[in-house]
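A.B. asks: Take a look at the following structure, please.
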Amino acid sequence: MALESLQLLKKIQEWHLGIDRKMPWKETLDPYKIWISEVILQQTQVAQGLKYYHRFLAAFPTVQALADASEAEVMKQWEGLGYYRRAKNLHIAAQQIVEKHQGRFPINFEDVLALRGIGDYTASAICSFAYDQPYPAIDSNVERIFSRYFGIELKKSSASLKQAIKQIVGTPFKKVKSAGELNQALIDFGALVCKSKTAHCDHCPLQESCYAYANDQVYNLPIKSAKKSKQERYFHYSILKSENQIWISERRASDIWLGLHEFYLDELATKTDLEESKTRAFQNIVRTKCFRKLYKQELTHRRIFALFTLYELAAVQEIKHGSWVPLEELNSKTFPGVIRLFLDENMHNFIC
DNA sequence: GACGCGTGGGC
DNA sequence: TGCCCAAGCGT
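Spelled out as structure tokens, the structure:
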């Protein structure tokens with residue numbers, strides 16, 4: 010028999026008393042720092058985000074500092090973390106805060122939710138952690154706990170599952186002492202006990218009343234959506250070099266790697282096309298160097314293959330949608346993983 | 001509601 | 001190895 014929701018929440022809070030999961034953003038009530046941590050942690054593991062959290066706050070200690078920075082500086086701090094729209098949106102939201110809230114992070118839930126890149130989860134997390142407002146922060150950890158415990162057969166990440174959980178916890182959430190601590194307890198419980206792939210049912214305090222455990226459904230809940238096949242894409246990059254400058258452009262379309270830089274790109278239809286791709290006819294080519302290695306980068310829904318060719322040109326020439334930058338400045342630009350890897354391995358060869 | 005968006009780690 | 005997943009959001 011399942012516990013009443015208030016009892017369930019109290020059990021999880023009780024469990025949390027014995028947990029010591031130290032993280033820097035737990036040590037502060039500064040909504041700015043909490044905001045940055047929450048955005049970094051969107052779809053990102055703590056171990057991966059920790060370094061970026063410290064670096065980002067050192068570079069931009071306040072909302073005002075972030076708003077005043079250039080987009081390029083913000084992107085550079087985010088390089089390697091992925092989901093680059095998050096960085097762009099942080100920058101936009103900082104400017105929203107300066108314009109609409111005099112640079113002070115808003116306190117009202119609706120005002121927080123209105124900021125770019127902040128959805129229901131992040132607004133709830135910030136308002137409960139920083140201000141102790143009674144909003145349940147329903148992330149994938151929390152979905153998993155309730156879906157399993159009560160046997161809610163709804164799809165992971167679906168609005169219906171979130172709504173069902175809100176129904177269950179809405180009233181009890183207002184009765185517990187600290188909403189922030191409760192949200193933290195739920196997230197930690199999902200991350201440490203009711204885990205996705207290796208749940209620790211053996212020492213779970215809720216085992217005896219858990220629906221999924223009793224019915225052997227732990228790994229079937231919440232319902233997973235059907236996996237899509239991974240599409241492959243084939244990029245041939247021409248690195249144009251002249252007078253010790255390199256031509257780069259910024260990715261602007263609604264595509265992967267928004268806001269990151271790249272070299273002159275030809276996208277090809279097939280892997281054979283890429284492997285057999287000929288050198289290109291740029292003007293005034295002095296020398297051509299083909300790098301034979303086929304680079305590969307796995308994204309969640311894509312597999313990128315990339316080949317690189319270096320062209321030394323007699324003179325800098327105007328090419329649309331990009332600009333020439335000194336070779337020494339290349340490392341200060343922001344590149345996707347596969348280009349960064351290529352540069353790290355080959356940049357010393359650029360000196361002809 | 002479905003899809004696209006990155007990277008690193010676990011098994 | 002290949003596949004799944006991780007403190008989601010915007011379109």
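Numbered per the working numbering, the first sequence spans residues 10 to 361. Glycine included, every Cβ here is placed at the ideal spot set by N, Cα and C.
Could you tell me the alpha carbon to alpha carbon distance between Q86 and Y144, rounded to whole angstroms?
C.D. replies: Position 77 of the first sequence holds residue 86. Position 135 of the first sequence holds residue 144. Q86 and Y144: Cα-Cα distance of roughly 31 Å.
A.B. asks: Inspect the beta-carbon positions of Y158 and L215 and report whether they are closer than 8 Å.
C.D. replies: Walking along the first sequence from the start, residue 158 turns up at place 149. Walking along the first sequence from the start, residue 215 turns up at place 206. The answer is yes: Cβ separation under 8 Å.
A.B. asks: Could you have a look at H245 and say whether DSSP puts it in helix, strand or coil?
C.D. replies: Within the first sequence, residue 245 is the residue found at index 236, counting from 1. In this structure, H245 counts as strand in the three-state DSSP scheme.
A.B. asks: What's the call for Y243, buried or exposed, on a 16-neighbour Cβ count within 10 Å?
C.D. replies: Along the first sequence, one-based indexing puts residue 243 at 234. The residue in question, Y243, is buried, as its Cβ has 16 or more Cβ neighbours within 10 Å.
A.B. asks: Using DSSP with H/G/I as helix, E/B as strand and the rest coil, what is Y273?
C.D. replies: Counting from one through the first sequence, the residue named residue 273 turns up at place 264. If DSSP states are grouped into helix, strand and coil, Y273 belongs with the strands.
A.B. asks: Suppose the cutoff is 8 Å on Cβ atoms and the five residues either side in sequence are ignored; what does the same chain contact list for H357 look like?
C.D. replies: By one-based count along the first sequence, residue 357 stands at place 348. Nothing meets the Cβ criterion.
A.B. asks: Output yes or no for whether 8 Å exceeds the beta carbon distance between V121 and L99.
C.D. replies: Residue 121 sits at position 112 when you count from the first residue of the first sequence. Residue 99 sits at position 90 when you count from the first residue of the first sequence. For V121 and L99, no; Cβs fall outside 8 Å.
A.B. asks: Using C-beta distances below 6 Å, list every residue in its chain close to L124, excluding the 5 sequence neighbours before and after it, in chain order.
C.D. replies: Counting from one through the first sequence, the residue named residue 124 turns up at place 115. Counting only Cβ-Cβ distances below 6 Å, and skipping sequence neighbours, we find A102 and Q105.
A.B. asks: If we require 3 or more residues per run, which beta strand (DSSP E) segments fall completely within the stretch 136-193?
C.D. replies: None, since the stretch 136-193 contains no complete beta strand (DSSP E) of that length.
A.B. asks: Residues in its own chain within less than 6 Å of L38 by CB, not counting five upstream and five downstream?
C.D. replies: Residue 38 sits at position 29 when you count from the first residue of the first sequence. A139.
A.B. asks: Quick check: the Cα distance between E217 and K233, rounded to an integer number of angstroms?
C.D. replies: In the first sequence, counting from the first residue as 1, residue 217 sits at position 208. In the first sequence, counting from the first residue as 1, residue 233 sits at position 224. About 25 Å.
A.B. asks: Whose C-alpha, out of F359, Q326 and D275, is nearest the C-alpha of T297?
C.D. replies: Mapped onto the first sequence, residue 297 falls at position 288. Ranking the options by Cα distance to T297, first place goes to F359.
A.B. asks: Would I294 pass as a contact of L322 if the rule is Cβ separation under 8 Å?
C.D. replies: For the purposes of this step, residue 294 is taken as the residue at position 285 of the first sequence. For the purposes of this step, residue 322 is taken as the residue at position 313 of the first sequence. Yes, these two residues count as a Cβ contact at 8 Å.
A.B. asks: Tell me the DSSP secondary structure of T281 in three-state form.
C.D. replies: Looking up residue 281 in the first sequence gives position 272. In this structure, T281 counts as helix in the three-state DSSP scheme.
A.B. asks: Can you tell me which residues form a DSSP beta bridge with S258?
C.D. replies: By one-based count along the first sequence, residue 258 stands at place 249. Bridge partners of S258: E271.
A.B. asks: Quick check: what's the CA-CA separation for P345 versus K42?
C.D. replies: As a first step, residue 345 is located in the first sequence; it is residue number 336 there, counting from the start. As a first step, residue 42 is located in the first sequence; it is residue number 33 there, counting from the start. About 26 Å.
A.B. asks: Going by other Cβ atoms of all chains shown within 10 Å of its Cβ, with 16 needed for buried, is Y93 buried or exposed?
C.D. replies: Against the first sequence, residue 93 aligns to sequence position 84. Buried is the call here.
A.B. asks: Since I believe F317 is in contact with I248 (beta carbons under 8 Å), could you give me their beta-carbon distance rounded to a whole number of angstroms?
C.D. replies: Within the first sequence, the letter at position 239 stands for residue 248. Within the first sequence, the letter at position 308 stands for residue 317. Going by Cβ atoms, the distance from I248 to F317 rounds to 6 Å, so yes, they are a contact pair.
A.B. asks: Which of helix, strand or coil does DSSP assign to I28?
C.D. replies: By one-based count along the first sequence, residue 28 stands at place 19. Of the three classes helix, strand and coil, the one that applies to I28 here is coil, per DSSP.
A.B. asks: Would you report the Cα separation of K237 and H310, rounded to the nearest angstrom?
C.D. replies: Stepping through the first sequence from its first residue, residue 237 is reached at position 228. Stepping through the first sequence from its first residue, residue 310 is reached at position 301. Taking the straight line joining both Cα atoms gives about 8 Å.
A.B. asks: Measuring alpha carbon to alpha carbon, tell me which residue in R30, L17 and K19 is nearest D197.
C.D. replies: Indexing the first sequence from 1 puts residue 197 at position 188. Checked all of R30, L17 and K19; the closest Cα to D197 is R30.
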